[in-house]
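Read through the structure below, which is laid out as structure tokens, and then see the notes.
There are 2 protein chains.
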Amino acid sequence: MKYLHTMVRVTNLEQSLAFYGQALGLVVVRKNEYPKGRFTLVYLAAPGEEQAQVELTYNWDPETYTGGRNFGHIAFAVENIYATCTRLMDHGVTIARPPRDGHMAFVRSPDAISIELLQQGEPLAPAEPWISMPNVGSW
Amino acid sequence: MKYLHTMVRVTNLEQSLAFYGQALGLVVVRKNEYPKGRFTLVYLAAPGEEQAQVELTYNWDPETYTGGRNFGHIAFAVENIYATCTRLMDHGVTIARPPRDGHMAFVRSPDAISIELLQQGEPLAPAEPWISMPNVGSW
Numbered sequence: 017m018k019y020l021h022t023m024v025r026v027t028n029l030e031q032s033l034a035f036y037g038q039a040l041g042l043v044v045v046r047k048n049e050y051p052k053g054r055f056t057l058v059y060l061a062a063p064g065e066e067q068a069q070v071e072l073t074y075n076w077d078p079e080t081y082t083g084g085r086n087f088g089h090i091a092f093a094v095e096n097i098y099a100t101c102t103r104l105m106d107h108g109v110t111i112a113r114p115p116r117d118g119h120m121a122f123v124r125s126p127d128a129i130s131i132e133l134l135q136q137g138e139p140l141a142p143a144e145p146w147i148s149m150p151n152v153g154s155w
Numbered sequence: 017m018k019y020l021h022t023m024v025r026v027t028n029l030e031q032s033l034a035f036y037g038q039a040l041g042l043v044v045v046r047k048n049e050y051p052k053g054r055f056t057l058v059y060l061a062a063p064g065e066e067q068a069q070v071e072l073t074y075n076w077d078p079e080t081y082t083g084g085r086n087f088g089h090i091a092f093a094v095e096n097i098y099a100t101c102t103r104l105m106d107h108g109v110t111i112a113r114p115p116r117d118g119h120m121a122f123v124r125s126p127d128a129i130s131i132e133l134l135q136q137g138e139p140l141a142p143a144e145p146w147i148s149m150p151n152v153g154s155w
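Heads up: the protein sequence lines correspond to chains Y and F, in order.
Residue 56 in this note's numbering is what sits at position 40 of the first sequence, and the numbering runs on without skipping anything.
Residue 103 in this note's numbering is what sits at position 87 of the second sequence, and the numbering runs on without skipping anything.
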């Protein structure tokens with residue numbers, strides 16, 4: 017038995033690829049278009065860790081997606097949580113829970129999927145601008 | 017960067033451990049109780065694949081969890097999809113989308129988290145009782 021992926025639905029594939037790809041740092045492993053079903057599937061994963069994936073389902077006919085409390089978040093370990101959060105901010109992503117402790121941060125995808133970031137190994141030394149950065153909304 | 021886990025919230029830890037553990041076949045990797053925060057975290061994973069986990073969050077003070085469309089499902093590859101579905105049924109789990117094709121099935125957790133099961137490698141030969149088993153609900 018093996019974990020394959022967590023699937024999330026996205027309203028805008030371009031925005032979602034910018035978020036999960038350029039901003040978060042995942043890489044596209046596979047992309048399949050299904051014209052008959054009118055949907056596209058994109059599989060992303062951490063570089064070099066292609067077996068554990070996030071699957072984006074993009075339905076070509078517009079739908080609005082809201083969240084529910086039974087799902088919590090998807091978590092990734094990152095090499096440098098400050099570098100990851102800086103890159104996310106550079107792409108316009110709000111850091112909902114900044115890494116004030118050098119250890120943990122939360123952001124949300126364009127469709128409000130909560131993403132947890134955890135510093136690999138020991139926490140980094142607390143540093144600005146993170147120490148002074150307030151929480152924004154929920155995550 | 018590395019995928020760590022997908023977190024879901026559960027209203028009943030015992031029922032959820034029966035579902036994700038005995039019925040689905042994941043094993044408990046770690047369990048932590050937080051009396052001050054009044055919650056318990058349980059991490060499960062496929063046997064021998066402990067790095068990619070499902071995190072169950074059990075809040076001791078009752079909450080009701082509903083689903084949202086932005087989250088889709090969590091997917092696992094299984095060695096024998098018929099054996100997995102039989103075990104799930106033996107534990108009272110409804111097979112929402114039976115593996116009529118010997119390839120794919122869907123079930124839902126006690127908190128309506130959708131779980132996709134995919135046969136590893138080639139699909140199995142179509143067989144009863146699956147061929148004649150109708151879909152139940154959505155997934």
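Even glycine gets a Cβ: it sits at the ideal position worked out from N, Cα and C.
Taking 9 Å as the CB-CB cut-off, is residue i touching chain Y?
i: residue 45 of chain F; result: no
i: residue 107 of chain F; result: no
i: residue 21 of chain F; result: yes
i: residue 84 of chain F; result: yes
i: residue 127 of chain F; result: yes
i: residue 63 of chain F; result: yes
i: residue 17 of chain F; result: yes
i: residue 134 of chain F; result: yes
i: residue 25 of chain F; result: yes
i: residue 88 of chain F; result: yes
i: residue 123 of chain F; result: no
i: residue 92 of chain F; result: yes
Residue j and residue i - do their beta-carbons sit closer together than 9 Å?
i: residue 74 of chain Y; j: residue 32 of chain Y; result: yes
i: residue 20 of chain F; j: residue 91 of chain Y; result: yes
i: residue 46 of chain F; j: residue 36 of chain F; result: no
i: residue 71 of chain F; j: residue 57 of chain F; result: yes
i: residue 133 of chain Y; j: residue 80 of chain Y; result: no
i: residue 158 of chain F; j: residue 86 of chain Y; result: Lying outside 17 to 155, the shown extent of chain F, residue 158 of chain F is not represented and no answer is given.
i: residue 112 of chain Y; j: residue 151 of chain Y; result: yes
i: residue 121 of chain F; j: residue 97 of chain F; result: yes
i: residue 39 of chain Y; j: residue 106 of chain Y; result: yes
i: residue 27 of chain F; j: residue 22 of chain Y; result: no
Straight-line CA distance for residue i to residue j?
i: residue 41 of chain F; j: residue 148 of chain Y; result: 44 Å
i: residue 155 of chain Y; j: residue 24 of chain Y; result: 16 Å
i: residue 64 of chain F; j: residue 108 of chain F; result: 26 Å
i: residue 110 of chain F; j: residue 153 of chain F; result: 10 Å
i: residue 53 of chain F; j: residue 118 of chain Y; result: 21 Å
i: residue 125 of chain F; j: residue 138 of chain F; result: 26 Å
i: residue 76 of chain Y; j: residue 30 of chain Y; result: 12 Å
i: residue 51 of chain F; j: residue 55 of chain Y; result: 45 Å
i: residue 18 of chain F; j: residue 142 of chain Y; result: 22 Å
i: residue 78 of chain Y; j: residue 82 of chain F; result: 22 Å
i: residue 144 of chain F; j: residue 84 of chain F; result: 33 Å
i: residue 102 of chain Y; j: residue 102 of chain F; result: 48 Å
Flag residue i as yes if its beta-carbon sits less than 9 Å from any beta-carbon of chain F, otherwise no.
i: residue 67 of chain Y; result: yes
i: residue 138 of chain Y; result: no
i: residue 81 of chain Y; result: yes
i: residue 95 of chain Y; result: yes
i: residue 153 of chain Y; result: no
i: residue 41 of chain Y; result: yes
i: residue 30 of chain Y; result: no
i: residue 113 of chain Y; result: no
i: residue 70 of chain Y; result: yes
i: residue 102 of chain Y; result: no
i: residue 110 of chain Y; result: no
i: residue 56 of chain Y; result: no
I'd like the list of long-range same chain contacts for residue i, defined as Cβ closer than 8 Å, with 5 residues on each side in sequence excluded.
i: residue 89 of chain Y; result: 122, 129, 130, 131, 132 and 155
i: residue 44 of chain F; result: 33, 37, 58, 59 and 60
i: residue 94 of chain F; result: 41, 100, 133, 134, 135 and 136
i: residue 140 of chain Y; result: 96, 97, 98, 115, 118 and 119
Given residue i, which residues of its chain have a CB within under 6 Å of its CB, disregarding the five upstream and five downstream residues?
i: residue 146 of chain Y; result: 114, 115 and 116
* Asked: Whole alpha helix (DSSP H) runs in the stretch 37 to 116 of chain Y with 4 or more residues, listed along the chain?
  -> List check, alpha helix (DSSP H) in window: 97 to 106.
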